[in-house]
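Residue numbers 1 to 256, in full-length UniProt numbering, belong to the letters of the sequence shown in order.
C-beta: ideal position from N, C-alpha, C; glycine also.
Keep in mind the model is a prediction, meaning the values are calculated, not measured.
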Amino acid sequence: MRDLLTGAVREAVRDAVLDAAAVLLPVDCAGCGRPDRALCPACRVQCTADPVLRRLADGTPVVSALRYEGVVRRAILAFKEEGRTDAARPLARSICVAIEEAAAGALSAEDAGATGGGTAAGLAMPARLELCTVPATRAGRRRRGYRPVDLLVRTAGFRPVTVLTVVAGMVQQKALGREERDSNLRDAMRVRHPPGAAPLLGRRFIVVDDILTTGATLGEAARALHAAGGEVVACATLAFTPRLFGRAASIPGFRA
């Protein structure tokens, strides 16, 4: 009970500070554009995680926190393309849920028994699981000045590993169709290690990205990790595009 009260007090203090800051340094809500905070209370509700499960073509489970539409879409675009890094904290809460659900679902009964089950308090990853973020292109890094996925994951309280890099020649995915995405991403990533014997042998990863569209980006990241000897146990994304990636399964079904 004391922990709950402490959390409530902390939230009240934080809200008071944000209210004062909004008066001194006014900002528009990234979700609806009204003068308020990074995300106004109504848009924060719209960006609350409601995780669902999908699978890549090879069967790898993907947990996504939000539907990429409406307020969620506007908030993510503002964060990624308009420099609204102030929206990272509310969005990070949702990607945190997706990561934790992916980790919990990926653990086998044997793994769960060995690690105490699920994810530990304090946003610790289960033993022997690492978070690998999908790498940004050089052009994207130069344009933004930050890596959106890495910023979200770190803001959520996790420490991702820098394992993958993008091979020169890859173009932006957002204007491409399904087949073009697959072609653009084919062999577009590699591990940040010299070629040779499997440098990731024995390491197990959850691959994290911002938006799941066709699954091509996550599939290529998984291929590169597998080629280096790593194992991809699951993927997690902040949001998914319902129109392109079909219907979701329930998270309880994922855990079963």
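- Apart from sequence neighbours up to five positions away, the residues of its chain that approach Leu-225 with a beta-carbon distance below 8 angstroms are Cys-132, Val-163, Leu-164, Val-191, Leu-200, Phe-205, Val-207, Glu-231, Val-232, ordered along the chain.
- When only Cα atoms are considered, Arg-186 and Ile-76 end up about 26 angstroms apart.
- Taking C-beta separations shorter than 8 angstroms and ignoring five residues to either side along the sequence, the partners of Cys-40 in its chain run Cys-29, Gly-31, Cys-32, Arg-34, following chain order.
- In this chain, the alpha helix (DSSP H) harbouring Cys-43 covers 41-46.
- If you ignore the 5 residues before and after Cys-43, its C-beta comes within less than 6 angstroms of the C-beta of Cys-29, Gly-31, Cys-32, Val-71, all in its own chain and listed in chain order.
- DSSP places Glu-231 inside the beta strand (DSSP E), whose first and last residues are 231-240.
- Boundaries of the beta strand (DSSP E) around Phe-205: 204-212.
- Between Thr-237 and the set Gly-229, Thr-213, Arg-243, Arg-223, the nearest pair of CA atoms involves Thr-213.
- One Cα belongs to Ala-65, the other to Asp-150, and the distance between them is close to 16 angstroms.
- Ranked by Cα distance from Ala-188, the options Glu-69, Ala-98, Arg-138 are led by Arg-138.
- Where Thr-133 is concerned, the enclosing beta strand (DSSP E) starts and stops at 129-133.
- Residue state for Asp-86 is assigned as helix, using DSSP reduced to three classes.
- The beta carbon of Thr-60 is closer than 7 angstroms to those of Ala-222, Val-232, Ala-234, Cys-235 in its chain, skipping five residues each way along the sequence.
- Just so you know, the alpha carbons of Phe-158 and Cys-96 end up roughly 8 angstroms apart.
- In terms of Cβ geometry, Ala-92 and Leu-152 form a close pair [threshold 9 angstroms].
- Going by DSSP, Val-166 is part of the beta strand (DSSP E) stretching over 164-166.
- Taking all protein chains in view, the Cβ of Val-45 is surrounded by fewer than 16 other Cβ atoms within 10 Å, so the residue is classified as exposed.
- In this structure, the beta-carbon distance from His-193 to Ala-228 falls below 9 angstroms.
- Excluding five sequence positions before and after Gly-215, the CB atoms of its chain that fall closer than 6 angstroms to its own CB belong to Leu-56, given in chain order.
- Relative to the Cα of Ala-98, the nearest Cα in the group Ala-38, Val-62, Thr-241 belongs to Val-62.
- For Leu-152, the enclosing alpha helix (DSSP H) covers residues 148-155.
- The Cβ neighbour count for Glu-81, taken over all protein chains shown within 10 Å, is under 16; the residue is labelled exposed.
- The alpha-carbon of Arg-141 is positioned some 12 angstroms away from that of Val-166.
- Counting only the Cα atoms, Arg-243 lies some 31 angstroms from Val-161.
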